[in-house]
Amino acid sequence: MTTTINAVNFEMAKPLEDFIEKKMNRFGRHLNEDDKVEIRMSVVKPQTNLNKEVKIRIAGLFAEKTANTFEEGIDACISALEGQIERRKNG
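Positions in the sequence shown are counted from 1; adding 12 to them yields our numbering.
Below, the structure written as structure tokens:
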């Protein structure tokens with residue numbers, strides 16, 4: 013699994029990078045070794061709540077969530093992608 017992370021309109025801190033790596037390693041059990049993971053994170057409206065936007069694209073699947081923190085957005089996207097993977101397996 014190859015992961016590409018794009019941070020738009022902000023500088024990504026090491027703890028956030030570590031959080032993403034940990035989550036993607038755990039999520040990786042659902043993926044093949046050759047799957048490419050693209051993560052795009054951006055701050056959309058700096059002065060408001062729910063201003064962190066996270067988009068994750070994996071093997072033809074896509075999730076986009078807006079949250080108060082990037083960690084919440086990552087968790088929500090992974091949850092949505094897990095549901096899509098289950099539907100794909102059972103469908």
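Just so you know, even glycine gets a beta-carbon here, dropped at the ideal spot from N, CA and C.
(message) Within the continuous beta strand (DSSP E) that includes F74, where are the two ends?
(response) As a working mapping, residue 74 is identified with position 62 in the sequence shown. Note, F74: beta strand (DSSP E), L73 to A79.
(message) Can you tell me whether A75 is buried or exposed? The criterion is at least 16 other CB atoms within 10 Å of its CB, across all chains shown.
(response) By 1-based counting over the sequence shown, the position of residue 75 is 63. With 16 or more other Cβ atoms within 10 Å, it is buried.
(request) Just grab the DSSP bridge partners of S91 for me. (result) The count along the sequence shown starts at 1 and reaches residue 91 at position 79. BP columns for S91 are empty, so no partner.
(request) Could you give the DSSP three-state label for M24: helix, strand or coil? (result) Residue numbering aside, residue 24 sits at position 12 when the sequence shown is read from its first letter. Looking at M24 - three-state DSSP - the assignment turns out to be coil, as it is neither helix nor strand.
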